[in-house]
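Residue numbers (my numbering), protein chains in the order written: chain A, 1 to 345; chain B, 1 to 296. For each residue, glycine too, the CB sits at the ideal point set by N, CA and C.
Quick look at the structure:
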């Protein structure tokens, strides 16, 4: 499509969004009592952990995977869905967080708190490690975002993809972090409480941000970048903020993943991992947090149900992606129709 | 000195293959303004078609080699046209993001479908062309490398001829310049776009066979890295620009070969992306490209 000649459809869309500020799609419930729900989710994850000894280990394993995928998908949704920037490097940010937090608990923590620390100290150290992992991933987010966010759609996708590959090559070349073999012997700190607590906080942060006055800017950038800029929105700044917050939570998810699987290697964070997260966001509907959470759950369970069809999994994923784009580009779980503009052109 | 020249020759032959793949990216981008992610997998399919053609055709003969090339070009051209017809054409008026995601989906579908059809294990590519080593003052040149140079040069000249001198080439340039105006003067945009996909995919098939002749281990995921690097080459030369894509490919091939020969060889795969980020930072339009300003 020649950018100089927008079709009448595009012009209509641009006009209507300029007139009607679109409310971000998300459940009313969350918008009305965000803090209460956050508290409820935290309590629920605590209860879940309290009874984790009574849960079948197989189900507990799946639950933890679901929780980590929810964090990843919801945080990527801020970048890809709400802000409309197509990032293919989420696994890269995840790996930064995983390696950093593993390095903190394995190499830094013993010298800080001694060889036989109390439980409270260990927990504090774990939280610190996750936080540091998230922060370093966020810094990586700035490093990738600042130069490349001036680019549009396809270019951004390629640069973020390239970033994921570069990160992988770098980790492969650091002997201290295990090189190509990976890092083994990470302490097993992750449990259901940490995973679902983080997932709740991540969802809360993303939703609260997007529903705030400041956060309307993300949706403005997604709707029409040129129009947003004309309204005085600093689009580059919004894109970088989205990238940094997304990368931060991806980093924390990586930390949780590392302290759960106890061994990480660069191959585990490749392009395919990024694609899996992207498929969750697209299946759930870009900019639809509830849908994305459902999609994260579904796409974690699906391979378990289809265990016997393991070889067809990627065929199914890719086929789903194409068919979805051709028939339902708004996502599988977008059960409500887009709010109709009042002054349709 | 001779080692330096040897590296240049190796780099040029790798770069020529990148150039062939980059042409497909750049042509599609020039007309439709989107990155055909599936192109790298058409390249893979081309290599596999060469592999299967090698089961019937005679090995190490010029005739067998050319037969494999023609067969792979035909299959890939049809594949490229089909992909455009069924995946991209219904979305032509849609948002760019939708098309991009579809392209990624098609790419994954070809990879996983290839894994199912061809098998996941790497296969060794047969010697289709007669192979010989020549020595020129201490520099070794294989017949494969000469073949790569000749094929790339011939195809580039042919492509320039098609684009600049023929009727369909004029139509291609018209569609690239302004699709609406082109259809107003009686150009059938669909035919032109199908033709572009066909040509680009056929070039990718040639690239696939030549690449596998030099690196004879093929698997369904072989296309990802060369494809991405060829894309970087297209951006480096200025995307949408045919001579630029050739130049970018050759430049990138030489850079990569030199890095591979240095003590930073473990970083080879990261080089292309570093080049990409640098070029996008300092000269986003590429070496030969023109910068377009987006208007409302």
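Between the options, which has its C-alpha nearest residue i's C-alpha?
| i | options | result |
| --- | --- | --- |
| residue 172 of chain A | A:58, A:88, A:95 | A:95 |
| residue 197 of chain A | A:160, A:291, A:41, A:300 | A:41 |
| residue 223 of chain A | A:80, A:304, A:45 | A:80 |
| residue 246 of chain A | A:312, A:295, A:93 | A:93 |
| residue 160 of chain A | A:169, A:145, A:50 | A:145 |
| residue 171 of chain B | B:155, B:158, B:190 | B:190 |
| residue 226 of chain B | B:99, B:143, B:24, B:4 | B:24 |
| residue 205 of chain B | B:95, B:258, B:38, B:8 | B:38 |
| residue 99 of chain B | A:216, A:154, A:90 | A:154 |
| residue 131 of chain B | B:33, B:146, B:19, B:7 | B:146 |
| residue 325 of chain A | B:252, B:277, B:95, B:76 | B:95 |
| residue 167 of chain A | A:105, A:233, A:267, A:186 | A:267 |
| residue 252 of chain B | B:263, B:123, B:273 | B:273 |
| residue 35 of chain B | B:79, B:97, B:17, B:12 | B:97 |
| residue 170 of chain A | B:159, B:148, B:266, B:33 | B:266 |
| residue 141 of chain B | B:282, B:7, B:283, B:49 | B:7 |
| residue 88 of chain A | A:162, A:180, A:117 | A:162 |
| residue 16 of chain B | B:281, B:282, B:249, B:270 | B:249 |
| residue 125 of chain A | A:240, A:189, A:231, A:179 | A:189 |
| residue 86 of chain B | B:71, B:72, B:103, B:74 | B:103 |
Less than 6 Å between C-beta atoms, sequence neighbours within five positions excluded: which residues of the same chain meet that for residue i?
| i | result |
| --- | --- |
| residue 133 of chain A | 97, 100, 101, 251, 255 |
| residue 285 of chain A | 291, 330, 331, 333, 334 |
| residue 65 of chain B | 128, 129 |
| residue 410 of chain A | For residue 410 of chain A there is no data in the structure shown, the boundaries of chain A being 1 and 345. |
| residue 376 of chain B | Since the first and last residues shown for chain B are 1 and 296, residue 376 of chain B lies out of range. |
| residue 249 of chain A | 71, 75, 202 |
| residue 222 of chain B | 44 |
| residue 273 of chain A | 91 |
Determine the chain E residues that contact residue i at a beta-carbon separation under 8 Å, and present them in chain order.
| i | result |
| --- | --- |
| residue 41 of chain B | Although the question refers to chain E, the structure presented lacks it and instead comprises the protein chains A and B. |
Beta carbon of residue i, beta carbon of residue j: below 8 Å?
| i | j | result |
| --- | --- | --- |
| residue 321 of chain A | residue 279 of chain A | yes |
| residue 69 of chain A | residue 261 of chain A | no |
| residue 228 of chain B | residue 40 of chain B | yes |
| residue 235 of chain A | residue 244 of chain A | no |
| residue 234 of chain B | residue 22 of chain B | yes |
| residue 168 of chain B | residue 185 of chain B | no |
| residue 44 of chain B | residue 114 of chain B | yes |
| residue 90 of chain A | residue 186 of chain A | no |
| residue 277 of chain B | residue 286 of chain B | no |
| residue 69 of chain B | residue 209 of chain B | yes |
| residue 182 of chain A | residue 265 of chain A | yes |
Using the C-alpha atoms, what's the distance from residue j back to residue i?
| i | j | result |
| --- | --- | --- |
| residue 217 of chain B | residue 73 of chain A | 36 Å |
| residue 2 of chain A | residue 61 of chain A | With a pLDDT of 44 at residue 2 of chain A, under the threshold of 50, the modelled position of that residue is not reliable, and no figure is offered here. |
| residue 179 of chain B | residue 152 of chain B | 30 Å |
| residue 206 of chain A | residue 200 of chain A | 10 Å |
| residue 20 of chain A | residue 107 of chain B | Residue placement at residue 20 of chain A is flagged as unreliable, the pLDDT there being 44, under the threshold of 50; the coordinate-derived value follows with that caveat. Straight-line Cα distance between these residues: approximately 38 Å. |
| residue 142 of chain A | residue 75 of chain A | 15 Å |
| residue 151 of chain A | residue 84 of chain A | 12 Å |
| residue 38 of chain A | residue 63 of chain A | 19 Å |
| residue 143 of chain B | residue 166 of chain B | 33 Å |
| residue 183 of chain B | residue 195 of chain B | 16 Å |
| residue 258 of chain B | residue 121 of chain A | 50 Å |
| residue 30 of chain B | residue 220 of chain B | 28 Å |
| residue 134 of chain B | residue 283 of chain A | 55 Å |
| residue 268 of chain B | residue 67 of chain A | 36 Å |
| residue 207 of chain B | residue 318 of chain A | 25 Å |
| residue 328 of chain A | residue 175 of chain B | 29 Å |
| residue 22 of chain A | residue 136 of chain A | Summary for residue 22 of chain A: the model assigns pLDDT 48, below 50, so the residue's position carries little reliability, and this model does not support an answer. |
| residue 105 of chain B | residue 78 of chain A | 21 Å |
| residue 9 of chain A | residue 288 of chain A | Below a pLDDT of 50, predicted positions are generally treated as unreliable, and residue 9 of chain A, at 43, falls in that range; the measurement from the model is reported next regardless. The straight-line gap from Cα to Cα measures roughly 23 Å. |
| residue 36 of chain A | residue 213 of chain A | 20 Å |
| residue 270 of chain B | residue 86 of chain A | 21 Å |
Looking only at its chain, what residues have a beta carbon closer than 8 Å to the beta carbon of residue i, apart from the 5 residues adjacent to it on each side?
| i | result |
| --- | --- |
| residue 288 of chain B | 237, 238, 241, 243, 244, 247 |
| residue 67 of chain B | 53, 57 |
| residue 281 of chain B | none |
Taking 7 Å as the limit between beta carbons, can you name the residues of its chain near residue i, skipping five residues before and five after?
| i | result |
| --- | --- |
| residue 238 of chain A | 83, 217, 218, 221 |
| residue 213 of chain B | 125, 128, 129, 144 |
| residue 308 of chain B | The requested residue 308 of chain B is not part of the displayed model; chain B covers only 1 to 296. |
| residue 201 of chain B | 24, 42, 76, 77, 79, 80 |
Practice task
Could I get the ranges of all uninterrupted alpha helix (DSSP H) runs contained in the segment 147-178 of chain A, with 4 residues as the minimum, in chain order?
Solution key: 153-172
Problem - Length-filtered (4 minimum) alpha helix (DSSP H) runs lying within the segment 139-167 of chain B - result: 143-165
Exercise for the section: At 4 residues or longer, and completely inside the segment 41-85 of chain A: list those alpha helix (DSSP H) runs for me, N to C. Expected result: 57-76
Practice task
For the segment 216-288 of chain B, list the alpha helix (DSSP H) runs that are entirely contained and at least 4 residues long, ordered along the chain.
Solution key: 224-237, 242-261, 268-282
Exercise for the section: Give, in chain order, every unbroken run of the alpha helix (DSSP H) that is at least 4 residues long and sits entirely within the segment 253-320 of chain A. Expected result: 271-284, 289-305
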